[in-house]
Amino acid sequence: MAELPRVRFAPSPTGFLHIGGARTALFNWLFARRPRAGGKGVFVLRIEDTDRERSTEASVNAILDGMKWMGLDWDEGPGVGGPHAPYFQTQRLQTYEKHADALIAKGAAYRCVCTKEELDVLRKQAEKEKRGFKYPGTCRGKNIPKGTPRAVVRFLMPEAGETAFEDLVKGRIATPNEQLQDEVILRSDGVPLYNFGAVVDDVEMGITLVARGDDHVVNTPRQILMYRALEYPVPTFAHLPMILGSDKQRLSKRHGAVSVLQYRDDGFLPGALLNYLARLGWSHGDQEIFTLQEMVEKFGWEHVGDTAGVFNPEKLTWLNQQWIKKTPLPELAEMTLPFLQKIGVVVTTQRLIEVLPIVQERAKTLIELAQQAKLFLTGISYDEPSVKKHLTAEARPLLVEARQVLNARFAEGAQAMEAAFRELASAKGVGLGKLAQPVRVAVTGSTVSPPLFETIALLGHGEVLQRLDAALAIIDKGAP
RNA sequence: GGCCCCAUCGUCUAGUGGCCUAGGACGGAGGCCUCUCACGCCUCAAACAUGGGUUCGAAUCCCGUUGGGGUCACCA
Numbered sequence: 155m156a157e158l159p160r161v162r163f164a165p166s167p168t169g170f171l172h173i174g175g176a177r178t179a180l181f182n183w184l185f186a187r188r189p190r191a192g193g194k195g196v197f198v199l200r201i202e203d204t205d206r207e208r209s210t211e212a213s214v215n216a217i218l219d220g221m222k223w224m225g226l227d228w229d230e231g232p233g234v235g236g237p238h239a240p241y242f243q244t245q246r247l248q249t250y251e252k253h254a255d256a257l258i259a260k261g262a263a264y265r266c267v268c269t270k271e272e273l274d275v276l277r278k279q280a281e282k283e284k285r286g287f288k289y290p291g292t293c294r295g296k297n298i299p300k301g302t303p304r305a306v307v308r309f310l311m312p313e314a315g316e317t318a319f320e321d322l323v324k325g326r327i328a329t330p331n332e333q334l335q336d337e338v339i340l341r342s343d344g345v346p347l348y349n350f351g352a353v354v355d356d357v358e359m360g361i362t363l364v365a366r367g368d369d370h371v372v373n374t375p376r377q378i379l380m381y382r383a384l385e386y387p388v389p390t391f392a393h394l395p396m397i398l399g400s401d402k403q404r405l406s407k408r409h410g411a412v413s414v415l416q417y418r419d420d421g422f423l424p425g426a427l428l429n430y431l432a433r434l435g436w437s438h439g440d441q442e443i444f445t446l447q448e449m450v451e452k453f454g455w456e457h458v459g460d461t462a463g464v465f466n467p468e469k470l471t472w473l474n475q476q477w478i479k480k481t482p483l484p485e486l487a488e489m490t491l492p493f494l495q496k497i498g499v500v501v502t503t504q505r506l507i508e509v510l511p512i513v514q515e516r517a518k519t520l521i522e523l524a525q526q527a528k529l530f531l532t533g534i535s536y537d538e539p540s541v542k543k544h545l546t547a548e549a550r551p552l553l554v555e556a557r558q559v560l561n562a563r564f565a566e567g568a569q570a571m572e573a574a575f576r577e578l579a580s581a582k583g584v585g586l587g588k589l590a591q592p593v594r595v596a597v598t599g600s601t602v603s604p605p606l607f608e609t610i611a612l613l614g615h616g617e618v619l620q621r622l623d624a625a626l627a628i629i630d631k632g633a634p
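This is how it looks when you write it as structure tokens:
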């Protein structure tokens with residue numbers, strides 16, 4: 155492709171930004187961001203809010219928030235509503251009307267006064283007789299004037315031949331034109347319908363490649379005919395296979411979280427989600443983990459698969475863990491802060507960065523990361539079964555000696571403390587675990603924690619002694 | 001139902017006629033490491049829907065069957 159590509163993501167604000175939409179946005183964005191000779195492509199965000207019943211402001215915000223969280227920035231906008239406002243179709247009504255009038259003047263479209271009720275009767279009848287219904291073309295050639303009340307505009311479809319295109323992921327797709335009907339392109343109130351609004355905007359915005367969900371393949375021939383009628387070069391199409399739920403049905407709420415923002419709130423990193431989405435339907439050999447940079451460099455339509463894929467939360471979770479492990483501390487700290495705040499932990503970034511390394515490789519989500527970091531940032535909280543099992547009268551003498559050892563050797567660091575523990579354990583004729591577990595519970599409140607001696611070192615001398623004393627008190631009292 | 005699309009381990013996929021006794025990853029099972037947990041490492045189980053062709057040779061090409069999905073609005 156010699157010219158620089160111009161692509162778009164065109165969601166309708168009738169709900170949150172879901173996983174499927176996010177992947178469509180991602181693929182478009184990746185394609186636009188790829189470095190090329192002569193510059194880079196353009197990624198346009200266009201809100202298709204022509205369904206006034208279902209479109210909501212909240213959905214618009216959810217989509218925008220989702221895009222921003224994922225870091226999928228867009229390049230162009232109408233220049234109104236702020237420098238980074240996307241296009242909104244309802245702000246462009248005069249454009250559609252202009253093009254519709256032009257099509258009518260050209261004889262490629264016509265006004266129609268058939269009512270929905272009349273047509274519904276015919277449709278039901280056809281259904282009863284098991285025939286396909288198609289608008290009979292009642293108003294063709296009637297030359298109904300502009301301004302006629304309740305008139306819609308219909309696009310004149312050819313009745314013979316076929317319309318074909320070469321899809322970047324599915325190959326050649328041909329549709330018999332007899333399957334097409336003179337569909338409404340402009341409602342009686344002047345608001346365009348999907349096929350027309352999308353085409354007019356793609357024309358106006360100079361879109362060269364349309365990548366969207368699989369469910370739009372049937373719209374493509376109709377749109378191709380419209381591009382032609384508008385005398386605009388037909389863009390290239392890439393239809394992405396659907397994303398399914400575990401039961402192979404279209405992904406929906408009952409499969410769990412499908413909203414991008416839900417994943418944000420559940421403690422996923424945007425990079426991990428993007429990484430997962432990229433690998434759902436696209437591959438680059440055996441590689442599973444991609445930096446954003448790698449995705450941008452390596453993405454291409456040639457390796458987009460053409461089979462629907464099941465969304466797998468376990469793999470996303472694994473990827474999230476991998477991303478947490480490799481994310482630089484300052485960045486990770488910044489992302490973790492809100493989750494700490496949510497559980498009432500106040501901490502400086504500096505202190506958090508000290509704590510993060512020890513918990514970084516054992517958290518699958520930022521929520522877990524925050525919970526684990528909490529151990530080092532606020533007072534201890536005890537896990538009952540752990541306490542019951544390990545803070546016992548038998549363990550008390552061991553704990554007392556452990557306290558002495560830790561107190562004496564604390565300044566020498568984790569390794570020295572561990573060595574001292576090993577000595578103590580062998581002197582007592584027990585394994586290190588036997589000694590370490592009660593101390594772990596005393597110091598962390600649980601039998602499960604990061605490595606004990608590093609934990610102790612990180613906690614600080616005074617804090618450790620205090621916790622040990624508290625544990626001894628618990629044993630003496632018989633309860634925490 | 002018409003039209004269109006799809007079909008490799010449970011899941012995501014590699015594979016573009018010979019390198020495939022089909023590779024990787026998630027998940028599962030077992031093991032190693034080990035102060036618990038996690039990470040890491042090792043091993044195992046696990047797939048070319050089916051029937052015909054084409055070809056010296058088919059997971060790869062063609063046709064049928066079956067099975068899934070999409071779509072048939074003044075929704076997008």
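In the numbering used here, the protein residues as written are 155 to 634.
C-beta atoms are modelled at their ideal positions from N, C-alpha and C, and glycine is treated no differently.
Less than 9 Å separates the beta-carbon of Phe163 from that of Gly175. Ala462 has its alpha-carbon roughly 26 Å from the corresponding atom of Asp356. Restricting attention to beta strand (DSSP E) runs no shorter than 3 residues, the stretch 317-346 encloses them at 325-330 and 338-340, ordered along the chain. Counted as a single uninterrupted DSSP element, the stretch harbouring Gly585 is not any alpha helix (DSSP H), since DSSP gives it neither H nor E.
In the DSSP assignment, His253 falls within the alpha helix (DSSP H) that extends over Leu247 to Lys260. Scanning its chain for C-beta atoms nearer than 7 Å, with the 5 sequence neighbours on each side dropped, one finds around His253 the residues Val354 and Leu384, in chain order. Along the length of the stretch 543-610, whole alpha helix (DSSP H) runs at least 4 residues long occupy 549-563, 568-582 and 586-598, reported in chain order. Taking C-beta separations shorter than 8 Å and ignoring five residues to either side along the sequence, the partners of Gly459 in its chain run Val323, Pro395, Gly435, Trp436 and Ser437, following chain order. The beta carbon of Ala596 lies closer than 7 Å to those of Leu545, Leu553, Arg621, Leu622 and Ala625 in the same chain, with the five residues before and after it left out. Per DSSP, reduced to three states, the secondary structure at Arg408 is helical.
Leu158 sits in coil when the DSSP states are folded into three classes, being neither helix nor strand. Residue burial annotation: Thr445 is exposed, with fewer than 16 other C-beta atoms found within 10 angstroms of its C-beta. Shown here for Glu555: same chain residues with a beta carbon closer than 7 Å to its own, the five before and five after excluded, namely Leu578 in chain order. A Cβ-Cβ distance of about 3 Å is found for the pair Thr519 and Gly421, placing them in contact under the 8 Å criterion.
Here Ala517 carries a coil assignment [DSSP, helix/strand/coil]. Per DSSP, Arg208 lies in no alpha helix (DSSP H) and is assigned neither H nor E.
The stretch 406-416 makes no contact with the stretch 341-351: fewer than 3 CB pairs, one atom from each, lie closer than 8 Å. Contact between Asn331 and Glu320 is ruled out by a C-beta separation of about 18 Å, above the 8 Å threshold. When secondary structure is reduced to three states using DSSP, Tyr417 falls in the helix class. Per DSSP, the continuous beta strand (DSSP E) segment holding Arg366 begins and ends at Leu363 to Gly367. Counted as a single uninterrupted DSSP element, the beta strand (DSSP E) harbouring Tyr264 occupies residues Ala263 to Cys266. Judged by their CB atoms, Thr204 and Gln248 are not nearer to each other than the 9 Å cut-off. In terms of Cβ geometry, Ala328 and Arg366 do not form a close pair [threshold 9 Å]. Boundaries for Ala305: no alpha helix (DSSP H) harbours it, and the DSSP string shows neither H nor E there. Under the three-state reduction of DSSP output, Val501 falls in the coil class, being neither helix nor strand. Secondary structure at Tyr241: strand, using DSSP grouped into helix, strand and coil. Secondary structure at Arg177: helix, using DSSP grouped into helix, strand and coil. In the three-state DSSP reduction, Thr269 falls in the coil class, being neither helix nor strand. When DSSP states are grouped into helix, strand and coil, His393 belongs to the strand group. About 34 Å separates the beta carbons of Thr490 and Ala549, which is beyond the 8 Å limit, so they are not a contact pair. Membership of Leu199 in the beta strand (DSSP E) is indicated by the continuous run Val196 to Ile201. Beyond the five residues adjoining it in sequence on each side, Ser166 comes within less than 7 Å, by CB distance, of Glu202, Asp203, Asp205 and Ser209 in the same chain, given in chain order. A distance below 9 Å separates the beta carbons of Arg187 and Lys194. Of all alpha-carbon atoms in Arg285, Ala262 and Ala314, the one lying nearest the alpha-carbon of Arg294 is that of Ala262. 9 Å or more divides the Cβ of Tyr241 from the Cβ of Gly344.
Around the beta carbon of Ile397, a 10 Å sphere encloses 16 or more other beta carbons of the protein chains shown; the residue is thus reported as buried.
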